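Read the structure below first, then the notes.
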DNA sequence: TGATTTATATGCAAAAATGCATGTATGAAC
DNA sequence: GTTCATACATGCATTTTTGCATATAAATCA
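Chains as they are written, first to last, in our numbering: chain A, 29 to 321; chain V, 29 to 321.
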């Protein structure tokens with residue numbers, strides 16, 4: 029009796045996805061294929077792995093156990109891939125870099141250009157996202173992150189110390205300077221709960237006027253004078269029409285880090301990339317630290 | 029980039045087998061399929077996994093690392109199968125039992141007959157061999173073994189205490205009894221190095237006349253008067269024409285055990301089988317202990 | 001040296017797996 | 001209630017994988 033390991037993998041993705049369609053999308057196959065692999069495996073094992081409810085496939089206890097085995101197998105798979113990447117020539121293959129979207133244009137793009145000039149045959153894959161991609165999975169090889177997310181398998185190096193300040197349109201900043209009793213209309217991200225504590229000393233009248241789920245949109249709103257926002261120095265200073273609100277002082281913020289998986293610490297491609305990335309950010313460090321008004 | 033786990037498995041079997049043909053035989057596919065899976069994987073990884081010498085496929089470092097990952101995955105596979113067997117109904121599926129060949133006919137056959145009567149829908153697979161099949165792999169579910177091979181994952185119960193004695197044809201036994209100074213011509217298995225120490229007190233003149241690689245052949249030789257052999261009680265006493273050599277006393281020997289994997293300790297099918305096996309051997313215990321002459 | 005065994009390589013046909021199109025059912029939103 | 005989105009089932013054509021037959025090379029042995 030032989031079990032097809034691809035079928036075991038399919039069970040995992042069906043359990044994780046919850047429906048044939050999602051599992052198929054993740055696996056890169058048609059969803060009918062998922063259904064057929066499952067039924068093939070169920071026949072081979074002579075055991076039901078999923079209850080076929082109208083709402084979708086629900087894993088039985090046996091199905092969950094199969095998924096558990098698949099997870100263990102996937103760990104081997106991921107570990108293997110890291111080894112193979114580490115063993116590869118520095119000048120071939122593919123490198124996936126993830127970074128916060130707003131860092132890509134002004135900074136990472138130049139690093140990539142330089143790296144590409146030095147290693148023209150390495151394909152570069154950019155994933156501009158704030159979500160923490162899992163470096164344990166082969167979702168990305170190098171991550172640039174604000175704050176040093178702790179994970180025992182990852183190694184990190186600090187790229188730049190960072191500060192934030194309060195930015196507004198020039199007009200609004202002037203108005204606030206003129207009238208310390210004015211009410212500050214703060215703009216923040218969705219998860220913001222209250223105005224910055226340090227600001228209340230100077231402007232006790234404060235309210236959160238608008239919340240945004242997107243940093244670019246928020247910046248646009250600041251440019252248009254809708255209110256004041258606390259922004260990283262490198263963003264506020266580089267955005268046309270924004271100035272620091274006087275009186276409110278900059279504050280230290282989470283630093284910028286580069287993270288890689290421990291297994292890839294010495295991989296030629298990774299070190300080659302870092303050798304360009306780190307000096308570049310060191311040179312740009314003043315932009316992240318900024319200056320007080 | 030997606031790696032086919034069946035291809036990874038194939039690498040493992042090619043590394044273990046050393047040639048396409050052997051790997052294919054183990055995997056149950058044509059050897060050309062093995063060759064094509066390997067080249068497909070090498071292309072996908074953009075790395076050479078084997079050096080194609082005329083003498084066969086020799087794994088590169090990367091190939092060995094792939095095999096290592098496959099080994100880890102296979103452990104998951106085996107563990108999963110044990111779980112699934114343990115979860116199965118006692119009255120369905122397949123049960124693989126391994127035992128020393130000479131125990132099968134006189135003892136195990138009856139146990140199987142009784143088990144089959146109680147559970148007619150369970151397929152029974154007998155592997156009559158002295159080689160220690162690996163119960164960690166799904167090579168066998170239940171092993172009957174002489175001696176309790178220690179393995180942390182296995183659980184064992186003693187089926188019977190056992191003794192050995194010195195057997196010969198009736199004629200030869202008589203001759204030896206008449207002449208204590210006679211030279212005993214011993215018959216033994218290939219790995220025998222010297223006559224039984226205890227026998228030298230009574231018959232100091234001793235030599236190993238013939239060695240055999242097969243126990244049945246050895247017994248045949250004893251029947252034909254070629255010499256004296258130390259045999260388990262249950263064999264010597266049950267063989268036509270053999271008698272214990274007087275004077276030489278029986279000795280304790282390795283006991284007979286039944287072994288199963290710890291994961292299957294409570295599996296319905298396994299316990300059902302043991303519930304028949306153990307009482308049967310308990311009843312037959314005197315045959316394994318035997319009697320002194 | 002010549003026969004035999006054990007390797008791998010490859011063209012071609014059979015078999016298996018997959019994708020697509022279509023049909024049906026269910027629950028949520030309006 | 002009607003519409004829409006989502007989910008599964010299945011027949012059919014296509015693609016992919018596999019097995020078989022055949023060819024070739026190296027090593028072994030009489």
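Positions of the beta carbon are idealized from the N, C-alpha and C atoms, including for glycine. From a predicted model like this one, the values you see are computed outputs, not experimental measurements.
Distance from residue 256(V) to residue 200(V) at the Cβ level is roughly 7 Å; contact confirmed, criterion being Cβ atoms closer than 8 Å. Secondary-structure assignment with DSSP links residue 286(A) through a beta bridge to 172(A) and 185(A).
Where residue 304(A) is concerned, the enclosing alpha helix (DSSP H) starts and stops at 296-317. The DSSP-derived three-state label of residue 142(A) is helix.
Looking at the backbone, the Cα of residue 33(V) and that of residue 220(A) are separated by about 45 Å. Taking 8 Å as the threshold, the shortest C-beta distance from residue 105(A) to chain V falls below it.
Look at residue 217(V) here: in three-state DSSP terms it is strand. Pairing residue 29(A) with residue 104(V) gives a Cβ-Cβ distance that is not under 8 Å. Out of 124(A), 149(A) and 38(A), the CA that lies nearest to the CA of residue 69(A) is found in 38(A).
Here DSSP, grouped into helix, strand and coil, assigns residue 56(A) to coil. Using a CB distance cut-off of 8 Å, residue 298(A) does not count as an interface residue toward chain V. Remark: C-beta atoms of residue 129(A) and residue 192(A) do not approach each other more closely than 8 Å. In the three-state reduction of the DSSP assignment, residue 273(A) falls in the coil class.
Contact of residue 30(V) with chain A by beta-carbon distance below 9 Å involves 55 and 56.
Take residue 301(A), set aside five residues on each side of it, and the residues of its chain with a beta-carbon closer than 7 Å to its own are 123, 143 and 170, in chain order. Residues 197, 198 and 251 of the same chain have their beta carbon placed closer than 8 Å to that of residue 269(V), with the five preceding and five following residues left out of the count. Exclusion of the five residues before and after residue 309(A) leaves 187 and 188 as the residues of its chain whose Cβ lies within less than 6 Å of its Cβ.
Judged by DSSP in its simplified three-state form, residue 38(A) adopts helix. Contact between residue 107(A) and residue 97(V) holds: CB atoms are separated by about 7 Å, below the 8 Å threshold. Counting every other CB atom within 10 Å of its CB across the protein chains shown gives residue 223(V) a total of 16 or more, marking it as buried. Annotated three-state conformation of residue 223(V) is coil, per DSSP. In the structure shown, residue 153(V) falls within a strand segment according to DSSP collapsed to helix, strand and coil.
The count of Cβ pairs closer than 8 Å, one atom from the region 48-56 of chain V and one from the region 170-180 of chain A, stays below three, leaving the stretches out of contact. If one requires a minimum length of 3 residues, the beta strand (DSSP E) runs lying completely within the region 76-106 of chain V are 78-81 and 84-87, in chain order. Residues of chain A with a Cβ closer than 8 Å to the Cβ of residue 74(V) are, in chain order, 116, 120 and 121. Here DSSP, grouped into helix, strand and coil, assigns residue 202(V) to helix.
A distance below 7 Å between beta-carbons, with the five flanking residues on each side excluded, links residue 168(V) to the following residues of its chain, in chain order: 124, 125, 126, 155 and 161. With respect to chain A, the C-beta atom of residue 243(V) has no partner C-beta closer than 8 Å. Linking residue 116(A) to residue 212(A) through their CA atoms gives a straight-line distance of about 55 Å. Between residue 287(V) and residue 173(V) a beta carbon distance of about 6 Å is seen, short of the 8 Å cut, so the two are scored as contacting.
DSSP places residue 235(V) in the strand class (E or B) of the three-state scheme. Close CB contacts of residue 36(V) within its chain, under the 8 Å cut and outside five residues either way in sequence, are with 69, 94, 97, 98 and 101 (chain order). Judged by DSSP secondary structure, residue 256(A) falls within the beta strand (DSSP E) whose first and last residues are 256-260. At a cut-off of 8 Å between C-beta atoms, residue 41(A) does not count as an interface residue with respect to chain V. Across the set 195(A), 83(A) and 289(A), the C-alpha of 195(A) shows the shortest separation from the C-alpha of residue 319(A).
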